[in-house]
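Going by my numbering, the sequence shown opens with residue 2, and the numbers climb by one from there.
Right, one structure below, let's go through it.
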Amino acid sequence: MASNDVDFRALYQSSLKLTTSVGELGIPRLEKRLEQLDDAGASFAGQPRFQSTTSSAQMSQLQVENAMSEEMKQYYSVVRELNSSRVPNTRSQFELARYFQRLCASNVSISVTGSKWEAVLKCWQLVNDMLVGGDATKPNAAKLAQREFAGVRNGSDETQRKLLQHRFAFGARVFLENQFRAFMQETVQKNNLATGGIPDLVSTVRAFVKHLHSSRYAANGSGSNTDVDNIWTIVYYCLRCGGDQEAVDLVTSLANASDSDSPIDADVLCALRYRAHQKSLYEDRNANPLNAFSKQFPAEFDHLVDRYHRLMSSSIDAVPVINPFERCVVNLLCFGNVNANEARIMTTVEDYLWQRLCFIQRVATTCSSSDSTYTIATLSRSIQKFGPTHFEGGVQPGGGNFSAFLYFEILLITQEYEKAIKYLASKGFLLEAVHFAITLNHYGLLECTSFSMGEEDQTTVDLVRLIRQYIHGFQRANAAEAADYVACISELTAKKELLAELLLDTRKFDVLAGFTNSTDGSRTRGLYDHLLKDEPEDEVKELILSAARKAEARGRPHDAFALLKSAGDIEGVIALLNSQLSSTLSAPRPEREEWFREAKEFAEKWMRFPWVQAIANRLARTAAIAFQTLLNISIFLEMFEKQQYEDAITFVAELEVVPTQNSSNLALCVDRFLAFDESVRQNFHILLLGYMECLVRDADRLKSQVSGEIRRAGVGALREKAELLVTFAGMIKFRLPSGTNERLNRMEAMIY
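Written out as structure tokens, the structure reads:
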């Protein structure tokens, strides 16, 4: 060539003409090398959040891909539907918690009693009730959007934050009431108890109380049936299962009866009505809260407080005198003592929690009083004093030990979401911990460790680490599924970082990142484009390039090469090939041939198309010239090692990078050399020495095969080429490796 223009068509043709096929050259298949270069992903606990550190000794064990279990696939179906439902630049309205609850419910119906599914279902029911601030099964339950509560949780408005805490506390209370109602109804049905003509809540409570009373006294062989129809017992259990309005209606009907001698006076009825009204307002998110009972009905409140004090002053064992259910009801109505414990009535952890949740009141801020001071934080501190071991039990009826879900449930009720997730994961329930964490984070309730913080503390959950730990076991066999989980991370920087790591861990480049068509530069989108639909396409491309940079920095140039092609980064591909060709030209033949094959294939399949040539000439001219030159040096070395000396001399002459005919282009060749990229200049001595040796070998051939004038002319022409080469080497202003010029001079002298 007479100029520095990059003639890629000529390069393509010459590489086809002057090299043999890849198979004939004996280059190992690239796929084999990729398996050896695999750094299989590390055990996540205790490792850096993103970098993999598995040793080569562990690699063989990880070659067998771990697939997702059937249970994992069921959970994943919900995550996939969540991501599929997303609309760009719109907050998702997907009912994530409800879908997980339905999933568990469908498994409970086909599971044995006491299965893990039952324990997990309760937790999902609790989460749903807390999220909507009431009964999530009602048709008018609130519809929630993605990050629904993030603004309030992270904002500075303390009033709004307290209202949100009250909402969740009320939802937890409704959950406990519904659980008890279901237990009560199941007891009535299982024992075929008579409920009278109309099977309403009060008749069910009466049947339950009768059964409970007879069972309790049958156990110790004493007592009578005098308490079966006691109004205080009926009222208490109506309240306990959420029937506040039913309790009001029952007491009102008794008070209006002409022959009634009800022990419940007007003060109690007033408090019951207040409680029922307050509960109805809790279920309406837009309703203004009531004043505290003590402020709105001060006289009735004082009467109830006095009554409670009188009840408490009597001996707790004076059953004939003091009805424990009366004491419980009055305590609830006047908010007397949150720590009151009627051992004969409050027999479960749920009873304990329910009573305390009843003391958490959402009242008008201007009218707070002593009966509205108990908070969820106070309840949480009380629970923390016990610790998890207090609630953890033994083997369940179904044969498993799922008591961890009880303490997890308690932590959710006390709104200690971060502690709940970390506790559940620490007990080995990683699958459940991940999906509860994803759900809580989806609605903006989980305080996650920020990407810049690095390590989690007591108040945060490292969701990135948790998800990576979960997907590590199946990401190679189920790369798309793993990517869907990563997409659930809300912090964009961390999400992109982990998606880049997933590319490197799985090597499913076409599936995840898509690919660029070599013919026209159009890009076929991958899964990442779908998962990052809120982001412009350039951001997805930058994510792929980030993964490529990581791969190159970690000594995985083949992965970097594939990713750069996926992104259509022609400049990056050429720069990488230049780096690899430059570093392997003097390497052992198998390593050099591997990258020669990659470069040759890229030249054949990519660089003959106009869009690639345009980028190379406009944006990467110097690098493209270097690529052409390095590839040509590689072609020359192939010919040299096959002892095709005459063809090699002809090939170098066609390149016009060294003077080969006469001194007329000597200065031009020097200028071209100085304009070369550093990757070419530092390897140019290989071409000089190889070309000189070809001249020597060809001279020896002539001397052994011909004689006379033909021999003298042929050897003389070769000597002129050698002299030009020595002169050229002396003129270039570049420090060649030590001994290069001396070797050139010695070989020149051998041509005579």
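For each residue, glycine too, the CB sits at the ideal point set by N, CA and C.
All values reported here derive from a predicted model rather than from experimental measurement.
In the DSSP assignment, D560 falls within the alpha helix (DSSP H) that extends over P558 to A568. Between V350 and F392, the CB-CB gap stays under 8 Å. F641 carries a helical assignment under DSSP once its states are collapsed to helix, strand and coil.
Annotation for V339: R357, F360 and Y375 place their beta carbon closer than 6 Å to its own, counting only its chain and skipping 5 residues before and after. Cβ contact annotation for R92 (same chain, cutoff 7 Å, sequence separation greater than five): A146, Q147 and R148, in chain order. Under the 10 Å beta carbon count, T450 is surrounded by 16 or more other beta carbons and is classified as buried. Fewer than three beta-carbon pairs drawn from the stretch 519–530 and the stretch 181–196 are found closer than 8 Å, and the two stretches are therefore not classed as touching.
Closest by C-alpha distance to V210, out of F685, I265, N231 and P200, is N231.
Following the DSSP letters along the chain, one finds P589 in no alpha helix (DSSP H), marked with neither H nor E. Residue environment analysis places S567 among the buried positions, since at least 16 neighbouring C-beta atoms fall within 10 angstroms of its C-beta. By the C-beta density criterion, R382 is exposed, having fewer than 16 other C-beta atoms within 10 angstroms. With fewer than 16 other CB atoms across the displayed protein chains lying within 10 angstroms of its CB, D262 is exposed. In the structure shown, C124 falls within a helical segment according to DSSP collapsed to helix, strand and coil. With at least 16 other beta carbons inside 10 angstroms of its own, S116 counts as buried. The beta carbon of A405 sits closer than 7 Å to those of E393, L425, K428 and F430, all from its chain and outside the five residues before and after it, given in chain order. Rounded to the nearest whole angstrom, the C-alpha separation of V133 and Q416 is 14 Å.
Assignment of F360 by DSSP, reduced to helix, strand and coil, places it in the coil class.
Taking all protein chains in view, the Cβ of Y418 is crowded by 16 or more other Cβ atoms within 10 Å, so the residue is classified as buried. If you keep only unbroken alpha helix (DSSP H) runs of at least 4 residues inside the stretch 490–578, you get 493–507, 510–514, 528–532, 538–554 and 558–568. I636 and R590 have their alpha carbons spaced roughly 12 Å apart. Around the Cβ of D158, a 10 Å sphere holds fewer than 16 other Cβ atoms; the residue is exposed. V465 carries a helical assignment under DSSP once its states are collapsed to helix, strand and coil. Just so you know, the alpha carbons of E72 and G445 end up roughly 26 Å apart. A direct Cα-to-Cα measurement between G152 and T440 gives close to 16 Å. If you draw a straight line from the Cα of A621 to the Cα of K551, it comes to about 22 Å. F677 counts as buried, since at least 16 other C-beta atoms from the protein chains shown sit within 10 angstroms of its C-beta. Straight across, the Cα-Cα distance linking V681 with R593 is about 15 Å. Contact between the stretch 624–640 and the stretch 532–549 is absent, with fewer than three C-beta pairs closer than 8 Å. Between V249 and A277 a beta carbon distance of about 5 Å is seen, short of the 8 Å cut, so the two are scored as contacting. Annotated as distal: K497 and L447, with beta-carbon spacing of 8 Å or more. If you look at M751, you'll find it isn't in any alpha helix (DSSP H); DSSP assigns it neither H nor E. Cβ-Cβ separation between L305 and A272: approximately 6 Å, consistent with a contact (criterion under 8 Å). Within the DSSP bridge table, the entry for C449 names V462 as partners. For C271, the uninterrupted alpha helix (DSSP H) run begins and ends at A267 to Y283, by DSSP.
DSSP places G731 in the uninterrupted alpha helix (DSSP H) bounded by G709 to M732. DSSP places M693 in the helix class (H, G or I) of the three-state scheme.
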